[in-house]
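Using UniProt numbering, you'd call the opening residue of the sequence shown number 1 and step up by one each time.
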Amino acid sequence: MKHLLFIACLFISTQTVRADDGQKVASKVEKVTVFLNGAQVTRTATASVVPGTTTLVFDNLSPNLDPASMQVRATGDFTILSVKHELNYLSDQLKTKKVEELQLIQKSLRDKISLQTTMLSINKEEANMLTKNQVSNGQTAGLDIVKLKAALDFQTARLTEIKKKELAINNELESLNEQIRKYDSQVNELVQSQSATTSNVLVNVSSTAALQSTFTITYVVNDARWYPTYDIRAKNVNSPVVIAYKANVSQQCGEDWKNIKLTLSTGDPSVSGAKPELRPNYLNIYAAVPAASSGFMNYSLNNSSLGEVVVTKSLQGRASGVSVNTTENQTNMEFNIQNPFSVPADGKQYLVEIDQVTAEAKYQYYAAPKLSTDVFLTARITDWTKYNFLSGEANLFFEGTFIGKSKLDIRAANDTLSLSLGVDKNIVVKRMMQTELNEKQGILGSNKKETRDWNISIKNRKTQAINLLVEDQVPVSQNTAIEVDTQETSGAEMNKVTGKLSWSFTLEPQAVKQLRVKYQVKYPKNQSVIVQ
């Protein structure tokens with residue numbers, strides 16, 4: 001029989017847990033689902049369950065876990081009576097004691113190093129003394145051969161012994177210093193991990209027989225997140241686009257995730273699992289009341305009294321008028337990382353590749369010479385929604401060269417995703433004013449006319465033909481007293497609502513294309529209008 005228990009309400013305590021409070025059980029992080037904000041951690045452990053009532057203490061868990069999110073399940077024919085979460089401050093005390101023990105060992109090693117260094121100095125002094133007292137040629141005249149040989153033999157033997165001792169001492173010093181470095185690493189690791197407490201989960205079980213059980217504990221932590229980045233590569237304008245979809249994962253949950261099964265999710269663990277409640281949709285007569293500006297939107301409603309029937313709703317959750325980033329018409333997605341992955345609890349970003357896709361693209365150069373003289377290469381991808389992209393920063397590579405960064409904005413995309421692949425300096429665009437004519441009517445006239453005549457020149461200095469989209473604009477009147485007369489657009493496709501002009505054409509190598517935009521603006525001469 002297999003018991004499965006989900007704990008909805010937990011008794012939470014912050015008392016220090018003692019070693020005799022229960023049977024300690026070591027657990028391991030097996031799986032983590034990281035959300036855009038937060039993560040769900042899954043731990044497993046094997047424990048021996050004895051007959052009777054036993055408290056199992058699963059220790060060294062994240063101090064930042066949300067107790068309300070905890071779930072415990074186990075295998076075997078026994079009953080889980082209760083689950084309790086406690087913060088464990090004893091772990092810090094044990095770490096402090098361990099640090100002190102290691103520091104005592106280090107002191108002993110340093111004393112040995114000091115002694116060996118002193119012995120090395122004594123040996124060097126003796127060697128120097130023997131060298132200075134060597135028998136010189138002038139001193140050999142009064143010595144017989146036997147005594148001279150004995151003196152030289154003594155000197156040689158003693159110097160040899162000193163050198164051997166120096167070698168042994170240096171080897172000993174190297175070994176002692178290596179031990180010091182190892183203990184330094186252990187002390188630093190303990191000191192760095194000492195700033196946070198840990199959590200214990202106490203599971204009270206009742207069994208009629210002894211058995212082995214596998215426990216699974218899941219809980220949510222807040223200090224974890226991931227966000228997407230992309231590497232977008234295009235070999236040339238005749239090749240598909242290769243997009244590497246990557247995730248930057250970080251966490252500061254107080255526990256390292258080592259060789260885990262990692263899942264990345266676009267969901268939100270804070271969303272309540274309770275079913276929504278459909279509220280009444282009331283109708284009423286609306287009387288407009290002047291309102292203060294909210295700072296988010298400006299409306300120009302001149303109707304001081306609107307006798308309309310409108311729909312009013314009670315707002316639930318977030319406040320009205322607050323800017324909220326949402327993704328509409330999109331279900332939660334999960335990306336399962338196939339290979340084991342590790343994320344230390346150091347807050348650093350760890351990069352993992354989610355997927356790599358090859359997408360067919362239509363390339364087009366784009367220029368808006370009124371805004372910039374640069375010409376941008378764009379790639380348009382259709383049917384992009386099947387790749388489950390999210391908005392994020394992208395590194396751009398074209399023809400094997402890194403050309404900069406861009407923003408992949410999924411929210412602004414419709415059925416076609418447009419990617420900007422950077423500037424091409426081999427296409428030159430100029431926009432120059434040919435005519436600026438201002439006309440004022442006579443004394444009896446009431447209007448003023450201003451004429452603008454722009455020339456746009458595009459030259460293709462590349463060795464192959466290019467497909468180019470050029471956009472410009474004519475002004476659009478928002479006042480009946482202002483009239484705009486569009487006189488020349490060189491056959492552009494014109495949006496009369498926005499005034500946008502579009503030319504799409506193919507430009508051969510070394511060819512030059514001339515475009516003309518001419519318009520006249522008429523407005524009352526006693527008014528001021530900025531005409532560009």
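Note that beta-carbon positions come from the ideal geometry of N, C-alpha and C, so glycine has one too.
Model, not experiment: these values are computed from the prediction.
DSSP three-state assignment for residue i, whether helix, strand or coil
i, result
"M433", "strand"
"Y89", "coil"
"D59", "strand"
"E308", "The pLDDT assigned to E308 is 28, lower than 50, so where the model puts this residue is not dependable, and the model offers no usable value."
"L408", "strand"
"E189", "helix"
"I530", "coil"
"F6", "Reliability of the predicted coordinates at F6 is poor, the pLDDT of 37 falling under 50, and the value obtained from them is presented with this limitation in mind. Three-state result, F6: coil."
"E471", "strand"
"D231", "strand"
"A39", "strand"
"V34", "strand"
"K28", "strand"
"residue 553", "Within the shown structure, residues of the chain are numbered from 1 to 532, placing residue 553 beyond reach of any answer."
"V423", "strand"
"N200", "strand"
"V146", "helix"
"V289", "No answer about V289 holds up, because its pLDDT of 40 lies below 50 and its placement is not dependable."
"L371", "coil"
"S446", "coil"
"N525", "Note that residue 525 is Lys in the sequence shown, not Asn. Residue state, collapsed to three classes: coil."
"K84", "strand"
"T480", "coil"
"Q179", "helix"
"Q252", "coil"
Residues bridged to residue i (per DSSP)
i, result
"Q520", "T451, D485"
"D66", "V220"
"residue 541", "Outside the displayed span of the chain (1 to 532) sits residue 541, for which this structure offers no information."
"M494", "L501"
"S265", "E334"
"L115", "BP columns for L115 are empty, so no partner."
"A45", "F215"
"E353", "K246"
"G392", "L408"
"L278", "Answer is none; L278 lacks a bridge partner."
"K165", "BP columns for K165 are empty, so no partner."
"A359", "V241"
"W257", "V343"
"Q514", "S457"
"G52", "S207"
"L507", "I466"
"Q71", "T218"
"F398", "A234, T401"
Buried or exposed (CB count within 10 angstroms, at least 16 for buried), residue i
i, result
"N236", "exposed"
"Q212", "exposed"
"Y387", "exposed"
"P228", "buried"
"Y230", "buried"
"T382", "exposed"
"residue 550", "Any answer about residue 550 is impossible in this case: the structure gives the chain only from 1 up to 532."
"K448", "buried"
"R110", "exposed"
"L351", "exposed"
"V476", "exposed"
"S62", "buried"
"F154", "exposed"
"S372", "exposed"
"P524", "exposed"
"Y282", "exposed"
"P509", "exposed"
"E328", "Any reading at E328 is ruled out, since the residue's pLDDT is 33, under 50, leaving its predicted position unreliable."
"L56", "buried"
"K348", "exposed"
"R279", "exposed"
"residue 535", "Lying outside 1 to 532, the shown extent of the chain, residue 535 is not represented and no answer is given."
"N479", "exposed"
Closer than 7 Å: residue i CB and nearest the ligand ZN heavy atom
i, result
"P340", "You won't find the ligand ZN in this model; it holds no ligand whatsoever."
Chain C contact for residue i (CB, 8 Å cutoff)
i, result
"N128", "Of the chains in the structure shown, none is chain C; there is only one protein chain."
Cβ separation of residue i and residue j, assumed to be a contact under 8 Å, to the nearest whole Å
i, j, result
"S207", "P51", "6 Å"
"A379", "L419", "5 Å"
"V34", "L176", "Their Cβ separation, rounded to whole angstroms, is 44 Å, which puts V34 and L176 out of contact at 8 Å."
"I354", "Y219", "I354 to Y219, Cβ: 25 Å. No contact."
"R452", "V529", "With a Cβ gap of about 12 Å, R452 and V529 do not count as contacting."
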